Amino acid sequence: MAYPEPLEELVVSFENLPGIGRRTAERLAFHLLRDPEAGKLALAIERALGETEHCALCCNVTETDPCVICSDEQRARDVILVVEEPRDVEAVERSGAWNGLYHVLFGALNPSDGKEEVHLSIPQLIRRLEDGRVRELILGTDPDAEGEATALCVLEAVERAQSKVRVTRMARGLPAGSAIEYLHRGVLEDALEGRRPIQTR
Ligand SMILES: [Zn+2]
Numbered sequence: 072m073a074y075p076e077p078l079e080e081l082v083v084s085f086e087n088l089p090g091i092g093r094r095t096a097e098r099l100a101f102h103l104l105r106d107p108e109a110g111k112l113a114l115a116i117e118r119a120l121g122e123t124e125h126c127a128l129c130c131n132v133t134e135t136d137p138c139v140i141c142s143d144e145q146r147a148r149d150v151i152l153v154v155e156e157p158r159d160v161e162a163v164e165r166s167g168a169w170n171g172l173y174h175v176l177f178g179a180l181n182p183s184d185g186k187e188e189v190h191l192s193i194p195q196l197i198r199r200l201e202d203g204r205v206r207e208l209i210l211g212t213d214p215d216a217e218g219e220a221t222a223l224c225v226l227e228a229v230e231r232a233q234s235k236v237r238v239t240r241m242a243r244g245l246p247a248g249s250a251i252e253y254l255h256r257g258v259l260e261d262a263l264e265g266r267r268p269i270q271t272r
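In case it helps, the numbering used here puts the sequence shown at residues 72 to 272.
Okay, here's the thing in structure tokens:
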């Protein structure tokens, strides 16, 4: 082994992250060794891991369970916007275009990436429909192949559960392939406004 063992361990930790190869991992590790602020990163990672959990309702990452959004009585509690990632919630919140609840699936179906239905928080979503208080689910998964497959997968799960909830899909006015996290308020409002019921295959 060319590097001292603790350094090799750091390189391998970076290498295990998505989209990071050996060369980048080495560059990051050596950058940190020279960075006087590197201790802050270590602390930030430790805090993020230790002081956050998943909201039992929407599954988003939170400091409190239920999260701030799920506990907010001012929000419309009968509509849920279903999104892929926590960063989608962040983006929609920033836009101010939505005042209902959310559900975070934690990804989209992507068989080539090993991401299957069992990895998504669909059962938790179905459980939220049981008391009949949720009137509508808006599927806000990304308008790409993975997002469309995921939307159908959620719809099928709702139908299997024989829930009476209305299921709609955010409008197709969204630029194809654009992740919802990059959209601005106007576009998001139009997409929510123009939502349509979706059908199973
Ligand atoms: Zn929540």
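We treat Cβ as the ideally placed atom computed from N, Cα and C, and that holds for glycine.
In this text the structure is predicted, and so the values were computed from the model without any measurement.
Got a sec, what are the start and stop residues for the beta strand (DSSP E) residue i sits in?
i	result
R240	237-240
I116	Premise fails: I116 lies in the alpha helix (DSSP H), 109-121, not in any beta strand (DSSP E).
L180	That residue, L180, is in no beta strand (DSSP E); it is neither H nor E in DSSP.
L259	Where L259 is concerned, there is no enclosing beta strand (DSSP E), although the alpha helix (DSSP H) it sits in stretches over 256-264.
V83	First-last for V83: 76-86, but that is the alpha helix (DSSP H), not the beta strand (DSSP E).
E207	207-210
V150	150-154
Hey, would you say the C-beta of residue i is under 7 Å away from at least one heavy atom of ligand 1?
i	result
L128	yes
N224	The sequence given here places Cys at residue 224; Asn does not occur at that position. The answer is no for C224.
N181	no
I140	yes
P137	yes
N131	yes
Write down the C-beta distance between residue i and residue j rounded to the nearest angstrom, noting that I regard them as a contact closer than 8 Å.
i	j	result
L180	C224	6 Å
R199	D149	With a Cβ gap of about 11 Å, R199 and D149 do not count as contacting.
L208	V189	Incorrect: roughly 20 Å between the Cβ atoms, too far for contact.
E124	T133	6 Å
S192	L172	Actually they are not in contact, since the Cβ atoms of S192 and L172 sit about 14 Å apart, beyond 8 Å.
Using a Cβ-Cβ cut-off of 7 Å (strictly less than) and excluding sequence neighbours within five positions of residue i, which residues of its own chain qualify?
i	result
N170	R146, A147
A222	L210, T212, R240, I269
E217	A179, L180, N181
Between which two residues does the alpha helix (DSSP H) harbouring residue i extend?
i	result
E161	157-166
E134	Counting along the chain, E134 falls outside any alpha helix (DSSP H), and DSSP gives it neither H nor E.
L103	93-105
L196	193-199
V229	216-231
Closer than 8 Å by C-beta to residue i: which residues in its own chain qualify, once you throw out the five before and the five after it? Chain order, please.
i	result
E264	A242
A100	L78, L81, V82, F85
Excluding five sequence neighbours on each side, which residues of the same chain lie with their C-beta closer than 6 Å to the C-beta of residue i?
i	result
A232	I197
* **Meets three-Cβ-pair contact criterion under 8 Å: the segment 251-270 and the segment 149-169** => yes
* Using 8 Å as the threshold, is the segment 137-157 in touch with the segment 202-215, meaning 3 or more CB pairs across them? -> yes
* **the segment 108-115 in contact with the segment 81-100 per 3-pair CB rule at 8 Å** => no
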